[in-house]
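What follows is one structure encoded as structure tokens, with my remarks underneath.
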Amino acid sequence: MIDILRARLRFGSETVDYPDGPARFPERFRGRPVIDGVRCADGCSLCAETCPTDAIHDVGRSSMALDLGRCVFCGECSEACRHGAITFTRDYRLAMRSREELLIPTGRDEALLARALDARMRSLFGRSLRLRQVSAGGCNGCEAELNATGNVQFDLSRFGVQFVASPRHADGIVVTGPVTENMLLALQKTYEAVPPPRIVVAVGACAISGGVFAGSPVAHDGVSSELLGVPIDLFIPGCPPHPITLLDGLLRLLGRVEGDELRLAGTGIVTAAEPVGGELGAPPDESPGGAP
Amino acid sequence: MREVLEIWNGEAVPAGEVPVISVARFQAIVSEVLAAGGRMSALFGRPAPSGRVLVTAVLTDDPEGRLGLLATEVDRRWPSLAARCPALQAFERELCEQYGVVPDGHPWLKPLRFEPERRAVPEGTGMPGDYPFFQVEGEEIHEVAVGPVHAGIIEPGHFRFQCHGEKVIHLEIALGYQHRGLERLLEGGPARKSLRLAESVAGDTAVGHALAYCRSLEALAGVEAPPRASYLRGIALELERLANHVGDLGMLAGDVGFQPTAAACGALRAEFLNATAEICGNRFGRGLVVPGGVRFDLAPDEAVRLSVKVNRAFERVREAASLFFESASARNRTDGTGVVSRELCDALGLVGPAARACGASRDVRRDHPFGVYRFAHLPVATADTGDVFARAWVRWLEAERSSAFVAERLGTLPEGPVRLEVPPLPPERLAVSLVEGWRGEIAHVALTHEEGRIERYKVVDPSFHNWMGLALALRGEQVSDFPLCNKSFNLSYAGHDL
């Protein structure tokens, strides 16, 4: 018993500083991408040709955009691009309130932040939100990070947000996975079992767009308004999203985190963020490239 | 005529060289090899030009480090071997579901994944979970149904317990809810998203499956990743093992209500995930392993700092784990719970820590070494009791060895490039790639057609072998011990359902 107490004291507090202090991310962490179609060379679409999930549209045109709902944050596009038109920042704030907002247009270099729920919903859920998670074809990546939000490090429950065992006890559902045909009924039933008013959160590329499973004949390209008959309240992109990204999205939805200050710190283990592919490929073309 | 083609792990052969023999000889050889202690690593079908189904087996001889390939053509029905060789029960059900090859006399011929296009086979059922479960009858017998949506943040699966009071007489596990059609999405590749699909077989084993996938492509193309890349791959694979084993120790402590270890391991698991993210930016190692090597390198000072971080984290794991293993109450709950005998383990063909906890010394890293494991040997950890305690203890021993391995490799990274170009795949070749993931043996078999694209890609996650082990471990246990037993196996639903 004494040993246990001693060990406990030695461990100290493990909880992260976020949101009061900075969130610590490795140098090589890939967060919110920034695209600059002005730098694209005429006819070049290497980024779109490399992207595993067809997340990049209209390369080099003024309508060029990267769909965060499809992006798996592999970084292959920025590696393929020889003109520096796509970069991944370490900004972890990725959650949005609508599917359209997930499209990052060319030239946008600041985060669009998720808006809070309306006053009535905030008064209901702002200080106590109970969620039921439904994995509908998730590979256990998103599930693992959602589990991590409950550990002593990220400790989501300090904000009054908890995952509960029964949909009857929940205020909403959190969906992961591309919604397999075999899970559709269970997902719909779980949603129906949550007493209204209720919210729906889609977590990860699969739940938002089908991710790498988009187009699978045995899945539904993610959870959508058509499947549940209601709009989705929050989209949290990633493959999987980092626990801080999950926290940030949920807390912004509840109005518990506000403002656009980005508090980011490094971990000091790795200093450079040079992917190897850049060295292998041809040297970057320094010319600004063709105008759109 | 040669009836079995012998190859090494990570070797490719012309697909036409795999001997196609009669069903009777095929089955005689398979049952002989399994009876002699061999294993079935993969058994899969594909359409034959004759309109029948060409079934190919990958048999594994662990002591010799050899793999045996053999094939046969089946016409809709064949005699089942599952009653004599239970290790084949899921493979035969899979063949039945995917290709309509009915195994006559199969003792448990039920749908495996309820693949939507093929739901009519074999028992005229609808959705997963909606089929005739085995029922125990008697006055005081009751049934407990759990899932597909579970209490925690867990993947879906349905568990049906036949109980007498608290005692479980029988547990049936119905899976398939996670079926995403993964193998078929890989056909016609390699495509842009193939590697991402491999990483998504099981998200907690992204490095293991990506490595098996990349090694199978490299084998087909006849290239080998540079030494520095295979070191970094080994480091990532062991960090994945560390993160999951440490997390599992914490979850097991949580399930017996032992909070100090549960809380500490929950946070310490993240240290190893974060170490992986330091290398490649993603906590699960996504994006690190690519065909031909790895995408990220470490500068010498970075490797040193990472090594210090891993060592420090592991010293704290040591403290947290010893609290658990020295606690009488934790021992009381785990000793003798969920026992799998050595005989049952071998009959079911269990793999990974679940098998090593029964005393079966099998580990792909030693028996069929690949990459860095050919030069750096890891001792295989085993225990004898086959219970929850043994499965926890084996995890702890493995974590300890992985930690030492990572630190040592980080200190001795060979010089040189970390990635080379992989040429287009040659036509009509077959490659087998085995990797010891943290759950056990991952088997990938890749086969190209005449244009050098993937014709058939077979994935066998370790969970595929082990789910029946969990079902049988529950017999005679208290139903309330299910979460503990389940966690001690910690199997993948997504990896099974594909």
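Read top to bottom, the protein sequences are chains L and W. 729 is the number of the first residue of the first sequence in the working numbering; add one for each residue after it. 3 is the number of the first residue of the second sequence in the working numbering; add one for each residue after it. The beta carbon of each residue, even a glycine, is placed where N, CA and C say it ideally should be.
Taking just the CA atoms, how far does residue j sit from residue i?
i        : j        : result
W/ARG121 : W/LEU111 : Bear in mind that the predicted position of W/ARG121 carries a pLDDT of just 49, short of 50, making it too unreliable to give a figure here.
W/ARG54  : W/GLU185 : 20 Å
W/GLU417 : W/ALA265 : 40 Å
W/ARG78  : W/LEU71  : 22 Å
W/GLU157 : L/ARG767 : 43 Å
W/PRO134 : W/ALA176 : 11 Å
L/SER944 : W/PHE466 : 22 Å
L/GLY835 : L/ASP819 : 16 Å
W/LEU472 : W/CYS487 : 7 Å
W/SER309 : L/ASP846 : 48 Å
L/GLY950 : L/PHE963 : 11 Å
L/ASP899 : W/GLU410 : 49 Å
W/LEU427 : L/PHE882 : 45 Å
W/ARG27  : W/TYR215 : 31 Å
W/PHE372 : W/CYS347 : 25 Å
L/VAL903 : W/GLN180 : 13 Å
L/PRO780 : W/LEU197 : 9 Å
W/ALA323 : W/ARG243 : 16 Å
L/PRO959 : L/VAL928 : 8 Å
W/GLU94  : W/ASP369 : 26 Å
L/PRO747 : L/HIS785 : 34 Å
L/ALA993 : L/PRO750 : 6 Å
L/GLU742 : W/ALA272 : 11 Å
W/ALA394 : W/LEU251 : 6 Å
DSSP puts residue i in a beta bridge; with which residues?
i        : result
L/LEU831 : L/ASP795
L/ALA751 : L/LEU992
L/ILE814 : L/ILE763
W/LEU69  : W/ILE9 and W/THR62
L/SER863 : L/THR904
W/ARG41  : W/THR62
W/ASP106 : W/PRO81
L/GLN890 : L/ARG858
W/GLU94  : Answer is none; W/GLU94 lacks a bridge partner.
W/THR74  : W/ILE23 and W/VAL57
W/GLU174 : W/ARG162
W/ARG118 : Note that residue 118 of chain W is Pro in the sequence shown, not Arg. Its beta-bridge partners do not exist; DSSP assigns none.
If you reduce the DSSP assignment to three classes, tell me which class residue i lands in.
i         : result
W/TRP80   : strand
W/CYS165  : strand
W/GLU139  : coil
W/VAL32   : helix
L/LEU857  : strand
W/GLY439  : strand
L/LEU974  : helix
W/GLY373  : helix
W/THR207  : helix
W/HIS379  : coil
W/PHE298  : coil
W/HIS247  : helix
W/PHE327  : helix
W/PRO49   : strand
W/ILE281  : helix
L/ILE732  : helix
W/VAL353  : coil
L/GLY1009 : Unreliable placement is indicated for L/GLY1009, whose pLDDT of 37 sits below 50; no coordinate value is reported for it.
Can you check whether the CB of residue j is closer than 8 Å to the CB of residue i?
i        : j        : result
L/PRO754 : L/THR918 : no
L/ALA842 : L/MET911 : no
W/LEU270 : W/VAL248 : yes
L/ALA823 : L/GLY977 : yes
W/ALA401 : W/VAL312 : no
L/MET849 : L/PRO923 : no
W/LEU61  : W/LEU69  : yes
L/LEU913 : W/MET253 : no
L/GLY797 : L/SER937 : yes
W/ARG358 : W/VAL396 : yes
W/TYR501 : W/GLY159 : This structure gives no information on residue 501 of chain W, because the portion of chain W shown stretches from 3 to 500.
W/GLU280 : L/ILE997 : yes
W/ALA59  : W/VAL25  : no
Note down, one range per segment and in chain order, each beta strand (DSSP E) of at least 3 residues found wholly within the segment 444-496 of chain W. 456-462
Jot down the residue ranges of each uninterrupted alpha helix (DSSP H) in the segment 902-966 of chain L, minimum 4 residues, whole runs only, in chain order. 912-921, 932-937 and 953-956
Please go through the segment 390-440 of chain W and give each complete beta strand (DSSP E) segment of 3 or more residues, from N-terminal end onward. 431-439
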